[in-house]
Structure formats: structure tokens, C-alpha cells
Amino acid sequence: MLDALQRTANMTTQTIPSTCTECLVHCGSLIHIEDGKIKNIAGNPEHPGSQGAFCIKGMNAPVAGRESATRVTYPMRRAGARGEGRWERISWDDAFEQIALRLGAVKAAHGPLSIAGAAATFTQSRGTAVRLLLRSLGSPNFMINQDMCHGGRSTAGILTGFGGSPGSELRKARTILAVGKSPSESDIVEWKHIHEAKAQGAKLIAIDPRHTKIARLADCWIAPNVGTDAVLAWSMAEVMFREDLIDHEFVAQWCSGTDEFRARVAKYPPHVAADITGVPSETIIAAARLFAREKPGCMILGHGIDAHESAVGTAIAFYSLLALTGNVDRPGSNRGAKSLPGYKGSFSYFNQHADFQLPPDRQQQILGGSQFPLWTGPESWTQTCHNPAVLRAIETGLPYPVRALFVSGTNLACTYPDYEKTVDALKKLDLLIVAADQMTPTAELADIFLPKTTLLEEQEILMGQGEPCIGLTQKIFEPLGEARTDVEIVAGLCKVLRKHGLIEFDVFPWQSNDEFNDFVLKDSGVSLHTLRAKGFVKVPYTYENYRTAGFKTSSKKFEFAPQRLDMLGVDPMPDQVASLHDKADDEFSLVLMTGIRSMALHHSRFLDHGWARRVKVSPEISIHPKTAAKFDVDKNGWVWVQTREKAARVLLKAKLTEDVPENVVATGMGWWYPEFDKPGYGASISNIGAAMAYGPAFDPVSGSPSQSRNTICKIAPATKAEVDALLARLSPPVQAPLKKAAAR
Ligand SMILES: Nc1nc2c(c(=O)[nH]1)N[C@H]1C(S)=C(S)[C@@H](COP(=O)(O)OP(=O)(O)OC[C@H]3O[C@@H](n4cnc5c(=O)[nH]c(N)nc54)[C@H](O)[C@@H]3O)O[C@H]1N2
Ligand SMILES: Nc1nc2c(c(=O)[nH]1)N[C@H]1C(S)=C(S)[C@@H](COP(=O)(O)OP(=O)(O)OC[C@H]3O[C@@H](n4cnc5c(=O)[nH]c(N)nc54)[C@H](O)[C@@H]3O)O[C@H]1N2
Ligand code: SF4
Ligand SMILES: [Mo]
């Protein structure tokens, strides 16, 4: 045990202010320690962003994750066939030597581009470490979940000039517009701030086909046909223009393409939009008036409008409503992203800091860069690959082969759509290295497993969400066994790669976590000492910065029809916006929504934690009672779900509820059974990703896949024998309530 604890070694109780990184909300936390043991973890009321908000994951997962039965704390080498689960324990030195030799062989045979890497919901250091490892080896091929997550919204923000991740001032807003967002499960801080705003009289508009908790709280709940949100936004814009509800000063001075935008939205008066979206025209008019009149207005765009083939156009449509109403970078509106000058956030390494870049001719060869230049290309925001292009390169060797993959912080076998295809691709690699804290369906396929630290074992500096601040995650315990942080892993590996002459661009100069963290802070004016005492440091900021700097577009204005899209020949307002319901047919008659979050899970994480499985016992699919009756589904029954795109079907527990429309079913994602035997840990049984395709239609700008979050499906009740066979394999505490329900 170290750091914060050692400083007051004589005390038996202690409270350490820290930051939770179990999810990207990054709540401020207070870790209460008694006699060297964690008594509890709670929210920090003084934290400027979260103000005491905290969730069950933050309370339970840090300790449960550190002590999980599936945790692996020493490096291992595959001993049997790939995925067979036979391992040989090795030392770190041995692991690094073997990786270096095998990466050297891959590089010699296929060149540096044949080495790729993947991370996902990464902390500052994890994403940076993996990316810079690849760049050191000479490869630009770094994957994150960008096409599945945030790609549409971020690209739209960048193209219009608004910025990749604008902040929201929910607490000060008088009107809140939430689109495809369910913060009661996904963001406890936003959820708290929405309640606070409502208590002060703010009005809430929620756009979601499901009757979610935020829909129930809303003054105006809008349930569009799945996939038609853009039309809804254009129609709201049409009302704002026609009824003269726009902020003339802002629009005249700070927007470009207004006349063209007005002419185009004129095609979507509410009665026309009502036919496409299924939303009554009075509701569209009421929502437009409310958002335009009750200022300031603040918008939160969620994942519901992100992962589909018109993700960018949809997000541009909603950002346009902010511009029309002047709700931009003002108190209570959506403000531009704020940062602290000198602070080295992860984007410094992505595309800002010259010392960490690959030469342009190398960066230009990134997989997917020619297809999606604004999102994956050398000038893009995150400079990461289009994931399906990497999988294709592994499968086909085109446009060039990928033969080695370094994975850290993603369980991609479970969380990428098309489980079977992902696993096939991983099995074809010459070398798969997985750095993880526990055994997962992805790690199981590795040649080399590298053990990682968990939250309580890491010191991490990060830019807080919500109210801008720099946060610190404090290291409470020494790592269990031989676990290391991502920075330590990459530092150690780079040393050996250097010895073997495999480093092409030496862009990883740090030897330890402390060195890395010093670098992050050194020009920011914030000291580690201050961070340790409080857990955070607030970042000062001002509003309406566009008045001095303009917007980040070539016109320096907010662009309704971004010039960069025009150069690519992409129309931000395509005439054809298809409702997903139109794609249904007699056989595949239901719209399937996936990725519905649960407070107890983080995608595929925590299924091995007792506290989480008590809350979330089984992989559920919400079905309207009338639909259940139509398909003979019993209230305690299980159903097979199949989409049109894949032959594989998955088994999910029916949850009958009127919260979904009759023609829609909704489920989570990424389910696996840590208690099952290897191989596979049941990751193809109840993981909806096993029944879904990865695209192939993609948003032309962000590469966001169609059919990977929402698609069309059919359901059929499972037989008693099929359900019993599954229940028999579950761990006894999980089994019991399910068996009881099945017996009723
Ligand atoms: N507890 C928990 N929190 C999480 C996560 C987690 O796994 N667990 N994951 C984190 C991550 S990485 C992400 S990306 C976020 C996601 O969090 P959010 O952005 O809040 O997204 P979801 O919770 O998936 O909710 C999206 C909502 O969109 C609706 N929806 C689906 N399709 C459509 C559509 O076509 N139009 C409209 N208007 N609505 C639609 C769904 O019904 C759902 O209620 O959550 C983050 N927070
Ligand atoms: N069908 C469908 N698929 C989806 C989605 C959907 O809505 N529908 N949503 C997509 C979205 S938005 C996202 S972001 C992705 C998420 O995809 P992933 O990021 O792959 O999901 P997770 O299960 O959260 O994290 C996977 C692994 O990351 C590692 N990890 C994560 N956090 C930590 C940490 O703090 N410490 C350590 N040591 N390890 C950590 C663990 O090894 C864990 O097993 O899934 C996507 N997939
Ligand atoms: S929402 Fe929960 S898991 Fe996410 S940072 Fe906050 S406390 Fe941690
Ligand atoms: Mo995500």
C-alpha cells in the first residue's frame, strides 16, 4: 500500500479524494480506508463536475475488480491451441523477449503496417501508450471504438465548427433537449444535473422510441420511428424559421449557409415530417417552440443517434438547432470544449504535438483512411483506423496484410458486432497480444497475455467531464502479483524493442508512470501535490469564445452545410432518410435496438462480479406484452433472436414491458458467461453481437456502421430443454432466481 496511505501511516482511518475511472463519466470519489482496507467508496460532493453523484459501479467495481476470481496477475504464454485455455506462466522479461522476436518476424515479413493495435474506452494513459507503441514500431494502425461510439456526433461537431466534444451546462439550462440518450443508466452526473434543472423549473424534451426514465421525467416525450431523428430536427428547424424563432444576431454574424439550409428544411414542414417520423405534427411544433423560446437551451446527444449510417447528418441536424437558437458557448447552453493551456491531454499525442507524430506518408496509409478521410485520415480528429478495414486486412491481406495485434482495454470479441467474424480474424493472426486485468473471450485467444493493474492500483491524470477540471485517480494499493500499468508495459516493451532494433520512430520517452504523469502536467501550472490533496483542480474558462477566435471552420463560422463535406461530395441533408421500420418484412418484422445500458454493467464488464450479477441476473430483451403474445413468449420465457444479416441466433431472457413500442424489441450487448468453461465463455450464446453484422453500409464520413446498433429481427420462444441446458451451466447464485422464475 502506498502513496496517499503511507503519508499518514499512523492513522487507522483515512479518506482519499480520487476520481473513478470505471466509466468515462469520471466522477470525483472519496475512498474511505480503515486499517488498510477499503471501507467504502462514495461520491465527492466538492468535485466541480459530479458534485457527489456516484453509482453502484463506482462503489463496488474497484474492489471487486481487484479481487475478481477471473483476475490474472502474471504474464502467460499460450501452451495449447489458440483459445483452448492452456497457458504457461512466464516472466515479464521472457514475455517482452518473445513479443519482440515475434513482432520482429512479422515486421520483417510484412512491414511495419502489418502491426495494429486496439484500445477502447480508454483512460488517458492507456490509449496514449498503445498508440505510441504502434507509432514507435512505425504503424499508424490504431483502432478504438470510434465508428461504433461517438464517431457521428464528434465528426458533426468538428465539421460544423462546434468542436468534437462540446460541454453541456444542464444545471443552468431552462430547456433541455435529450436525443437518443438514457442518462439514468449511462451518465449519473447528467442525470443528477437534469433533476436539478427540473427542480428549478427547466423544461425537458426527450427524443427516444423507448419510454425511458428520462422520457418519463420529460415535459415532452417524442418517440420517433427508429432512424428518423434527422427529419425531426429538420422539421423543428423549419418551424423555427417559419415562426421567426431564430436568434437573428447569432445567425447573421456567426453562421454560414443559412439561406440554403432554410430552403432545404422547407421540404420538411411538420405534416410531412409526421409521415416519416410517426411523430404528430403538433408535437414537433411544440418542441420547436419550446426549445427556441425558453433560453438558455442545452442539448445532449446520445449513442442512440450515433451508430448508424446517417450518424453525421443526424448530429449536424441537431447541432443546427443550437446554432439557430444561439445556444452556443453561453451559460446554460452547450459550450465549446475547454482545456487548460499546457496540459497534455490524450489528443496532444493524437494529432497536436509534433514530437509524437508519424511522418505524413506513413500516417496516410492508415487502414480506412482513403475511404473515410475526415474521420480516420491523417487530418482527422483521432487519427484511428476504421475497425472493419483492419478486420478485412487480417482476413484478406488487402490493401495490405495485418498479421499482429496488440489489444489493451477492449474486449473486442464481445463488443464488436459479428462475434464469429471477429474471432475468426483474431485466430488468423500470427501474433495476438492482449493486455488485460482478467481472462475474457478476447484474452483467451491471445498468444501472450500481459497482466494489468486495476483502478485502485493506478495513478492516472485525466481531464474531467462536465465542469472542466483536471482529475487525479490515486493509487491506493500496490498492484496484485506482477500486474503493470499500460505505461509500464509499453515502456518495458519499448526497451526490449530498442535492443532488437525494432523501434522506427522513438516516440515513447518515458520509463515509468511517474515520468509520464510529470510530462502530462509539467506545462499546465497544476502540481501533483495539489491534485493529491483535493483529487481535482478546476479549469477556469470563459464563454462566447467564438467572438474572439471564430469557429474552427475555414469560414470561421458555424457551417450548416460544412465546406469540408462539400469537398468530399457528401450531402449533409440526404433526401432519403429511411425509417428502420420500413425495412421490416413478414419474416423479420421487428425493429431490434441493442446496447441498452444497465447501471450495473459497462458493456461486457462486471459479469464476473457478484454485486453486478445480483442486479443484472440475465441478458434481457424488452418485448411489448402484445408482441410477446403474438410470438407465444411467456413472461418468464427465453427467446431466440435472429437478424436478417446473420444466420447465428442468440438466446435472451424476455422482459415484458410497455416501455418499448409493439414493433420494437430492445436489449443490451456484449454478454458472456465468465462462469462457463472455456473455450469461448459462452460469448456466442447471449451476446447480441453474435447475431449482428458489422455494417456493411457505413456513414460516408464517420464510417459508423448500419445494422450494428439497431436492425431488423425475428424472435421465437426457446424450448424448456434449451433454457434448462443454459441455466444448468450458470453459477448457483445466478441460477437460483432464474430457475424459480422459470418454475412459476
Ligand atoms: N452503466 C453504463 N454506463 C455507460 C455505459 C455502459 O455500458 N454502462 N457505456 C458508456 C458508453 S461507451 C456510451 S457510448 C454511453 C451510451 O449512453 P447513451 O448515449 O445514453 O446511450 P444509451 O444508454 O445506449 O441510450 C441510448 C438511447 O437511445 C435510444 N435509441 C436507440 N436508437 C435510437 C434512435 O434511432 N433514435 C433515438 N432518438 N433514440 C434511439 C435507446 O432507446 C436508448 O434509450 O454510455 C456510457 N455509460
Ligand atoms: N451491438 C452493440 N455493440 C456495441 C454497442 C452497442 O450499442 N450495440 N456499443 C458500442 C460502444 S458505444 C462501445 S464504447 C463499445 C465498448 O466496447 P469495449 O470497450 O470493448 O467494452 P468494455 O466491456 O467496457 O471493456 C472491455 C475491456 O476493457 C478493459 N478495461 C476497460 N476499462 C478498464 C479499466 O478501467 N481498467 C482495466 N484494467 N481494464 C479495463 C477490460 O479488459 C474489459 O474487458 O461497444 C460497442 N459495441
Ligand atoms: S458513473 Fe459510476 S462508474 Fe462511472 S465514473 Fe461515476 S461512479 Fe464511476
Ligand atoms: Mo461507447
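In my numbering, the protein residues as written are 30 to 773. From the three backbone atoms N, C-alpha and C, an ideal C-beta is built for every residue, glycine too.
{"Asked": "Pocket of ligand 6 defined by Cβ to heavy atom distance under 5 Å", "Found": "The model on display carries ligand 1, ligand 2, ligand 3 and ligand 4 but not ligand 6."}
{"Asked": "Contact under 9 Å by Cβ, F478 with V516", "Found": "no"}
{"Asked": "Rounded straight-line distance, which links the Cα of P654 to that of A747", "Found": "17 Å"}
{"Asked": "Within 9 Å, strictly: CB atoms of Q80 and R106", "Found": "no"}
{"Asked": "Proximity test, Q381 beta-carbon vs ligand 2 heavy atom, cut-off 8 Å", "Found": "no"}
{"Asked": "Distance between W700 and I314 (C-alpha atoms, nearest Å)", "Found": "41 Å"}
{"Asked": "Close-in-space but distant-in-sequence residues of the same chain around N170 (CB under 8 Å, 5 per side omitted)", "Found": "L142, I144, A145, G146, L163, I395, L396, C414, V419 and V431"}
{"Asked": "For V519, three-class secondary structure by DSSP", "Found": "helix"}
{"Asked": "Any non-hydrogen atom of ligand 4 closer than 8 Å to C443 Cβ", "Found": "no"}
{"Asked": "Range of the contiguous alpha helix (DSSP H) that encloses K296", "Found": "Counting along the chain, K296 falls outside any alpha helix (DSSP H), and DSSP gives it neither H nor E."}
{"Asked": "DSSP-derived helix/strand/coil call for T354", "Found": "coil"}
{"Asked": "DSSP-derived helix/strand/coil call for V689", "Found": "coil"}
{"Asked": "DSSP beta-bridge partners of H631", "Found": "R634"}
{"Asked": "Whole-number beta carbon distance between S651 and V786, since they are thought to touch under 8 Å", "Found": "Because the chain in this structure spans residues 30 to 773, residue 786 falls outside the shown range and cannot be described."}
{"Asked": "Segment contact flag, the segment 585 to 601 with the segment 662 to 672, C-beta cutoff 8 Å, min 3 pairs", "Found": "no"}
{"Asked": "V763 - DSSP class collapsed to helix/strand/coil", "Found": "helix"}
{"Asked": "Secondary structure, beta strand (DSSP E): runs of 3+ residues fully inside the segment 426 to 489", "Found": "433 to 437, 460 to 465 and 477 to 480"}
{"Asked": "Counterpart residues of P746 in DSSP-defined beta bridges", "Found": "V668"}
{"Asked": "Closer than 8 Å: R318 CB and nearest ligand 1 heavy atom", "Found": "no"}
{"Asked": "Buried or exposed by the 16-neighbour rule on C-beta atoms within 10 Å, applied to Q381", "Found": "exposed"}
{"Asked": "The alpha helix (DSSP H) enclosing R318, as first and last residue numbers", "Found": "S310 to R322"}
{"Asked": "Beta-carbon separation (whole angstroms), T672 vs L636, contact threshold 8 Å", "Found": "Actually they are not in contact, since the Cβ atoms of T672 and L636 sit about 23 Å apart, beyond 8 Å."}
{"Asked": "Own chain residues within Cβ distance below 8 Å of P762, not counting five before or after", "Found": "G639, R642 and R643"}
{"Asked": "8 Å contact criterion, which N73 and L53 should meet: CB distance rounded", "Found": "That belief does not hold up - the Cβ atoms of N73 and L53 are roughly 17 Å apart, past 8 Å."}
{"Asked": "Proximity below 9 Å, CB of C443 to CB of T469", "Found": "yes"}
{"Asked": "Beta-carbon gap between L206 and G326 smaller than 9 Å", "Found": "yes"}
{"Asked": "Identified DSSP bridge partners for V566", "Found": "I499"}
{"Asked": "For A252 and M172, the rounded distance between their alpha carbons", "Found": "34 Å"}
{"Asked": "Closer than 8 Å: N174 CB and nearest ligand 4 heavy atom", "Found": "yes"}
{"Asked": "Beta-carbon proximity list for T482, same chain, < 8 Å, skipping 5 on both sides", "Found": "D466, P508, A512, R513 and T514"}
{"Asked": "Any non-hydrogen atom of ligand 1 within 8 Å of S627 CB", "Found": "yes"}
{"Asked": "Test item: CB-CB of L261 and T582 under 9 Å", "Found": "no"}
{"Asked": "Member of R111, Y103, K66 and P104 whose CA lies at the smallest distance from the CA of P91", "Found": "K66"}
{"Asked": "I236 beta carbon less than 9 Å from that of L199", "Found": "no"}
{"Asked": "Limits of the unbroken beta strand (DSSP E) element including I45", "Found": "T42 to T48"}
{"Asked": "Residue from M602, N716 and K68 with nearest C-alpha to L680", "Found": "N716"}
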